[in-house]
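Engineer: Got a structure for you, questions after.
In the numbering used here, the protein residues as written are 5 to 213.
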């Protein structure tokens with residue numbers, strides 16, 4: 005009975021979070037109340053507060069459900085970096101782009117993060133945690149780029165940190181613009197060729213001009 009109750013509670017929590025994604029995406033975070041989400045989810049306000057202290061806690065939980073390729077099991081990640089750092093960078097980038105294309109919930113959360121949330125007032129702390137997570141991503145990629153350069157996989161024209169910022173700017177810039185206006189370009193046919201071209205230009209096998 006206790007196990008069943010816990011399972012039911014988890015189902016309810018996931019339903020609330022799924023609904024939050026839809027309502028935030030439709031109305032924007034600032035214009036969404038917990039009552040709006042409770043109504044759409046078919047639960048009471050009491051059920052909302054049982055799982056989440058406030059809207060900020062709910063928003064944070066919504067983000068935590070994202071599975072970023074760079075945040076896979078640390079041991080597995082480090083083994084992949086050690087085995088072939090440049091291949092890890094390519095695989096992680098492709099996995100991220102693939103999730104944006106194939107996982108609607110993943111894509112909608114990024115649409116909310118980039119276009120439908122103002123990081124002021126009660127949401128300011130969320131911005132700080134995002135910056136911290138972003139620094140973690142930078143550290144992982146920079147470590148991979150450093151090892152790739154040490155092994156002669158990439159040219160010496162850029163420092164590992166510059167290469168990291170370049171890749172993040174490429175991916176985030178492309179996806180930011182596409183989520184803002186999907187009619188700008190077809191991501192499914194543009195994303196991988198753009199990524200491949202950028203990585204090829206960085207490769208030690210490509211003669212520097």
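Idealized CB from N, CA, C, for every residue including glycine. Note that this is a predicted model, so its numbers are computed, not measured.
Just mark residue 108 as buried or exposed, buried being the case when its beta carbon has 16 or more other beta carbons within 10 Å.
Structural biologist: Taking the chain shown and counting its residues from 1, one reaches residue 108 at position 104. Label assigned to residue 108: exposed.
Engineer: Have a look at residue 46 and residue 38 and give me their C-alpha separation to the nearest angstrom.
Structural biologist: On the chain shown, residue 46 is found 42 positions in, with the first residue counted as 1. On the chain shown, residue 38 is found 34 positions in, with the first residue counted as 1. The alpha-carbon atoms of residue 46 and residue 38 are separated by roughly 12 Å.
Engineer: Opposite residue 158 in the DSSP bridges: which residues?
Structural biologist: By 1-based counting over the chain shown, the position of residue 158 is 154. Residue 158 pairs with 207.
Engineer: Under 8 Å, do residue 25 and residue 121 count as touching if we go by C-beta distance?
Structural biologist: Taking the chain shown and counting its residues from 1, the one referred to as residue 25 is at position 21. Taking the chain shown and counting its residues from 1, the one referred to as residue 121 is at position 117. Contact flag unset, no.
Engineer: Tell me the DSSP secondary structure of residue 33 in three-state form.
Structural biologist: Numbered from its first residue, the chain shown carries residue 33 at position 29. DSSP, read as helix, strand or coil, puts residue 33 in coil.
Engineer: Please go through the same chain and pick out, in chain order, the residues whose beta-carbon is closer than 7 Å to the beta-carbon of residue 119, but skip the five residues on each side of it.
Structural biologist: Counting from one through the chain shown, the residue named residue 119 turns up at place 115. Same-chain partners within the cutoff: 183, 184.
Engineer: Considering only residues of the same chain and omitting the five flanking positions on each side of residue 148, which have a CB-CB separation below 7 Å?
Structural biologist: Here residue 148 refers to the residue found at position 144 of the chain shown. The residues are 85, 89, 92, 93.
Engineer: Among 201, 169, 158, 139, which has the Cα closest to the Cα of residue 209?
Structural biologist: Residue numbering aside, residue 209 sits at position 205 when the chain shown is read from its first letter. Selected option, being the one with the closest Cα: 158.
Engineer: Nearest to residue 173 by alpha carbon, out of 193, 35, 141?
Structural biologist: Within the chain shown, residue 173 is the residue found at index 169, counting from 1. When each option's Cα is compared against that of residue 173, the closest is 141.
Engineer: Give the secondary structure of residue 107 by DSSP, where H, G and I count as helix, E and B as strand, and everything else as coil.
Structural biologist: In the chain shown, counting from the first residue as 1, residue 107 sits at position 103. Here residue 107 sits in coil by DSSP.
Engineer: Measure the alpha-carbon distance for residue 194 versus residue 201 and round it to whole angstroms.
Structural biologist: Taking the chain shown and counting its residues from 1, one reaches residue 194 at position 190. Taking the chain shown and counting its residues from 1, one reaches residue 201 at position 197. Their backbone Cα atoms lie some 11 Å apart in a straight line.
Engineer: Just to confirm my understanding: we take residue 165, look at its own chain, exclude 5 residues before and 5 after, and list those with CB closer than 7 Å. What are they?
Structural biologist: Here residue 165 refers to the residue found at position 161 of the chain shown. Around residue 165: 146.
Engineer: Just tell me which of 69, 20, 153, 12 has its CA closest to the CA of residue 41.
Structural biologist: Counting from one through the chain shown, the residue named residue 41 turns up at place 37. Ranking the options by Cα distance to residue 41, first place goes to 20.
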